[in-house]
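So the sequence shown is numbered by UniProt numbering: it starts at 843 and just counts up by one. Positions of the beta carbon are idealized from the N, C-alpha and C atoms, including for glycine. This structure is a prediction, so every number in the text was calculated from the model and none was measured. Here's the structure we're looking at; comments come further down.
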Amino acid sequence: AKQEGRNTYRYHTDALSIAANERLVLETQLRQALSAGEFVLHYQPLIDARKGQVMGVEALVRWQPPDKAMVSPGKFIPIAEETGLIVPLGEWVLRTACAQGRAWMDAGFPPFVMAVNLSVRQFQSENLVELIRQVLEETKLPAVCLELELTESMFMEHAEQSIEILKTLKSLGVRLAIDDFGTGYSSLTYLKRFPIDKLKIDQSFVHGLAYDPNDREIAATIIAMARNLKLDVLAEGVESEQQLDILNQHGCDYYQGYLFHRPVPAQELEVWFRENKRN
Ligand code: C2E
Ligand code: CA
Ligand code: CA
Ligand code: CA
């Protein structure tokens, strides 16, 4: 069993354990990596429980330096955030993911959702809406096929302003999801006012489902809350049948996790799509 602890915790230790000079080196390397085209996207299926089908994929960025091991985003996203490099990197991610989504449509795969993570900086950037509009136009991906993943922490500080941004994003026709849900402090009142489509239950609660009554309670509460607010609900990090059973009992709609598929390069996923195609 891979118990990696709370996701957020792992994230912070990764960021903090890197010494200052090492960070500076990393920052320079990241800049070069972006211009050298060393970033790649992996895609992980999002499963519709009722239909037993893929409803979409999440795009997850990796850094592949030549002749070296692949670097996971936990290692470089925090630094990219701090330095502002996340803005051009995030733009590349958005464009690449949308183009891939369109390519899969054109190849005859059933239309599904392409989920893309947005960072705090991107969310606060003034031209976010314009960028998304432009990328959709360029790539010809239908807006309903793009799902933006945001975290609660992004809108808690300037809630009113955030609602406006979310409404503008929504007016483009894209879908909005709250990532790592349960780790922040969203009040129900706000949640109700946010024009969101989906809650993604943080994987830290999913990990403990089989043995921790608190995690089970939290997951059940989130699922019930989503139902009341008429939002889709997805459980992240599903690794075992036991976790899946418990989530199913509570009426969870969507799943993502190693039990179904790991994040893999686009070509590898296409093989799987073909094998799982139901006609
Ligand atoms: P996240 O958005 O919460 O993404 C889910 C993470 O859980 C991914 O880690 C995924 O590989 C991992 N995961 C999926 N299923 C399982 C499972 O069954 N068990 C376990 N233990 N893990 C699972 P990854 O790819 O290392 O990404 C880590 C984080 O880096 C992401 O967390 C997200 O916050 C950030 N990230 C990744 N790509 C991007 C990006 O393009 N832009 C931004 N801003 N952040 C990104
Ligand atoms: Ca995510
Ligand atoms: Ca997440
Ligand atoms: Ca996370």
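If I measure Cβ to Cβ from residue i and keep anything under 7 Å in the same chain, skipping five residues before and after, which residues do I get?
i	result
Glu923	Ser961, Val962, Arg963
Ile1064	Phe1023, Gly1024, Leu1041, Ile1043, Val1075
Arg944	Thr981, Lys982, Leu983
Ordered along the chain, which non-local residues of its own chain (more than five positions away) have a Cβ less than 8 Å from that of residue i?
i	result
Leu1101	Val1080, Glu1081, Ser1082, Glu1083, Gln1085, Leu1086
Pro907	Gln871, Ala875, Glu880, Val913
Asp890	Val896, Met897, Asp1095, Tyr1096
Arg892	Asp1095
Roughly how many angstroms lie between the CA atoms of residue i and residue j, to the nearest whole one?
i	j	result
Pro915	Glu933	15 Å
Leu978	Pro984	7 Å
Ala861	Leu868	10 Å
Leu1111	Gln942	12 Å
Gly1015	Ala901	19 Å
Phe1036	Asp909	45 Å
Glu1002	Ser1029	13 Å
Which same chain residues, not among the five before or five after residue i, have their C-beta less than 6 Å away from its C-beta?
i	result
Val1106	His884
Leu927	Leu872
Asp1057	Phe1047, Gly1050, Leu1051
Thr1010	Val971
Ser1004	Phe997
If you count every other CB in all the chains shown that lies within 10 Å of the CB of residue i, and 16 or more means buried, which is it?
i	result
Ala939	buried
Ser1013	exposed
Val913	buried
Asp948	exposed
Tyr1053	exposed
Glu989	buried
Asn959	buried
Tyr1027	exposed
His1103	buried
For residue i, is the beta carbon positioned less than 8 Å from some heavy atom of ligand 2?
i	result
Glu900	yes
Asn1090	no
Gln922	According to the sequence provided, residue 922 is Ala. The question's Gln does not apply to it. Ala922 Cβ: outside cutoff for every heavy atom of ligand 2.
Lys1042	yes
Kindly examine ligand 3 and report whether one of its heavy atoms sits closer than 8 Å to the Cβ of residue i.
i	result
Asp1022	yes
Glu991	yes
Gln1045	yes
Any chance the CB of residue i is under 8 Å from a heavy atom of ligand 1?
i	result
Asn959	yes
(message) With three or more beta-carbon pairs closer than 8 Å as the criterion, would you say the stretch 983-1000 touches the stretch 1020-1027?
(response) yes
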